[in-house]
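Residue numbers (our numbering): 765 to 1109.
These notes concern the structure reproduced below.
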Amino acid sequence: MPMDYSDRLMKMRNASRQSLETSDTRKPPEPANEDIRESLNISDSVEVVFPLSDVILGYLNLEETVAKPLPDGFSQRLYKFMQASEILWTGPFPRQKMVFKCAPNVVVKAVRKHSDHTEYTTLQFLQNHRPSIPAPRPLGLVRMSGITLIFITYTASKTLDDVWKGLDHAQKSSISNQLDMILKDLRSIPYDPELPLGGVAGEGCKDIRRHLRTSDKPIKTIIEFEDFLSSSPQAHSSIFVELLRQLSLLSQSQTSLLKVVFTHGDLRPDNIMIEMGEDNQLTVSGLLDWEYSGFYPEYYEAVRCTNCLAPCDRNDWYLFLPKCVSPKRYAQWWLLDRVRETMFL
């Protein structure tokens, strides 16, 4: 998304509110407090989707591994734990999604009506199969009052977006090179061709443009994946879609040894954590937000990196994308997808 996307949404939202206030049509007032925690009910039961780690259980004053049935007072302890947490991030719609710091090295992502566990299963997968990737460690996932609570590790640092404008060319190049090494490591994770593309736990493939689409059946080949991308319900012409499909098939026939690799799916400065060392040396310390990750064709990260690049964009981040996922490396696929983007206009 554009770097100022949250600000844009907030401005649009405020403008909409002002319009409603001056309209003759009477609407119920917006809630004064839009904290997602207001929806948590202390008397509601808790569903443990993925077991809470010993770290989280310790903060809840539970010494032993929680098993079914949950101990008495568990809901109350979790409720109080959440209410005492510090707000770390608030998006444009805080009643839908917020992030809280609930302990010195722990954060919890609270999301309303969230049934997709791709991010959590990816973090588990990386912890077990490629712990060298600087990703948060999963600490448990529970659901209460329709709110999914995802507990992960936290390290205090800044996002690349916080500092990018102040960096010189050498610093930007250094960050790009570090990311290139991290992504090469990520992309070297072996893919089992017997498994479907997409999320590591069978969550399916995702296409995020004007809205989120998830494949409704397993996708096992790059051809099937390309068909999924071209199956937009917004497409106005079957001829247009068929031509794109033929171009895709031609691209595949001309690209030897096209691989399926592990993909982050949302690589942007907001999701890249950095630390400042001595002599203003920057180090990439973490990659966040793995909701759209999984095994995808090797060109797809290049497509996703520039998904929100607009002709009027002035952010030179796009000129420093890591080499292994640069559109220059996958120019034919990247250009094909930019044409496909017109189906969503």
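Yeah, the Cβ is synthetic: ideal placement off N, Cα and C, and Gly gets one too.
These numbers come from a predicted model, not from an experiment.
- Residues of the same chain with a CB within less than 6 Å of the CB of R977, apart from the 5 flanking positions on each side, are D971 in chain order.
- K844: not part of any beta strand (DSSP E); member of the alpha helix (DSSP H) spanning F838 to Q847, first to last residue.
- A distance below 6 Å between beta-carbons, with the five flanking residues on each side excluded, links I820 to the following residues of its chain, in chain order: L903, G904 and F915.
- If you draw a straight line from the Cα of V906 to the Cα of A874, it comes to about 10 Å.
- In the structure shown, the three-state DSSP call for E1039 is strand.
- In the structure shown, F992 falls within a helical segment according to DSSP collapsed to helix, strand and coil.
- Closest in alpha carbon position to L852, among P868, Y843 and S979, is P868.
- The beta carbon of K948 sits closer than 7 Å to the beta carbons of C1088 from its chain, once the five residues preceding and following it are set aside; these are given in chain order.
- Rounded to whole angstroms, the separation of the alpha carbons of N805 and L1085 is 44 Å.
- A direct Cα-Cα distance of roughly 15 Å separates L993 from G1029.
- Annotation note: the region 893-929 contains the following uninterrupted alpha helix (DSSP H) runs of length 4 or greater, listed N- to C-terminal: 924-927.
- No Cβ-Cβ contact shorter than 8 Å links L1046 with Q891.
- If you draw a straight line from the Cα of T886 to the Cα of R901, it comes to about 10 Å.
- Comparing C-alpha distances from L913 to each of H881, C1072, P835 and S1090 shows the shortest one belongs to H881.
- Excluding the 5 residues flanking it on each side, S839 has same chain C-beta neighbours closer than 8 Å at I806, S807, D808, S809, V810 and M908, in chain order.
- Taking R1068 as the centre and dropping the five residues before and after it, the same chain places the C-beta of G1029 closer than 6 Å to its C-beta, in chain order.
- For the pair of segments examined, the region 1069-1085 was found not to touch the region 1047-1059: the number of CB pairs separated by less than 8 Å stays below three.
- Taking the Cβ atoms as the reference, I1036 lies roughly 4 Å from L924, within the contact range of under 8 Å.
- Secondary-structure assignment with DSSP links Y1060 through a beta bridge to V1025.
- A residue is called buried when at least 16 other Cβ atoms come within 10 angstroms of its Cβ; C1076 does not meet this threshold and is exposed.
- Of I1003, D991, E1105 and Q847, the smallest CA-CA separation from L824 is found for Q847.
- Between the alpha carbons of W928 and L834 lies a distance of about 46 Å.
- Between K922 and G930, the alpha-carbon positions lie close to 13 Å from each other.
- Excluding five sequence positions before and after A965, the CB atoms of its chain that fall closer than 6 Å to its own CB belong to T885, given in chain order.
- The Cβ atoms of L1013 and P1061 do not sit closer than 8 Å to each other.
- Around V872, the same chain offers F864, C866, L913 and F915 as residues with beta carbons nearer than 6 Å, after the five sequence neighbours per side are excluded.
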